[in-house]
Structure formats: C-alpha cells, structure tokens
Amino acid sequence: MLSTEQIISTMSSQGLRITDQRKTLARLFAESPGILHPRTSMNIWVRLTAD
Numbered sequence: 301m302l303s304t305e306q307i308i309s310t311m312s313s314q315g316l317r318i319t320d321q322r323k324t325l326a327r328l329f330a331e332s333p334g335i336l337h338p339r340t341s342m343n344i345w346v347r348l349t350a351d
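Following this line, the structure appears as structure tokens:
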C-alpha cells in the first residue's frame, strides 16, 4: 500500500496540481483498508471491504 506522501508525489509527477482536496483523497486512500469507491449520486467516498 502506498503512503500519503507517495500518492501525492505520484500525482505531482503526472503534472497534477496538489490541492487540499487531492491531499485529503490521498490520505483517505493511504489510511483506509479495502477499496474506496466514489458514490457519485451522494458525492461521497465509501469504503468497500470483504467483511
């Protein structure tokens, strides 16, 4: 699993601006077990796990 810093570094190397929103998403991906999936109808991110 990648750390928050590794995710941000990868985004930056791809030419993306590192906004507060992208930092937050990077932290969520780095800290959450399972898979995060956008729920576009509710504009939130949910964690999918094998529970």
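All letters in the sequence shown, in the order written, are residues 301 to 351 by our numbering. From the three backbone atoms N, C-alpha and C, an ideal C-beta is built for every residue, glycine too.
### Message
Using only the alpha-carbon positions, how far apart do S332 and Q321 sit?
### Response
For the purposes of this step, residue 332 is taken as residue 32 along the sequence shown, with counting starting at 1. For the purposes of this step, residue 321 is taken as residue 21 along the sequence shown, with counting starting at 1. Cα-Cα distance, rounded: 16 Å.
### Query
Under three-state DSSP, which class holds Q314?
Here residue 314 is taken as the residue at index 14 of the sequence shown, counted from 1. Correct three-state label for Q314: coil.
### T324, enclosing alpha helix (DSSP H) - first and last residue
Here the question's residue 324 lines up with position 24 in the sequence shown. D320 to E331 is the span of the alpha helix (DSSP H), which, as asked, contains T324.
### Message
Measuring only the C-alpha atoms, how far is S359 from E305?
### Response
Missing from the structure shown is residue 359; the chain here goes from 301 to 351 and no further.
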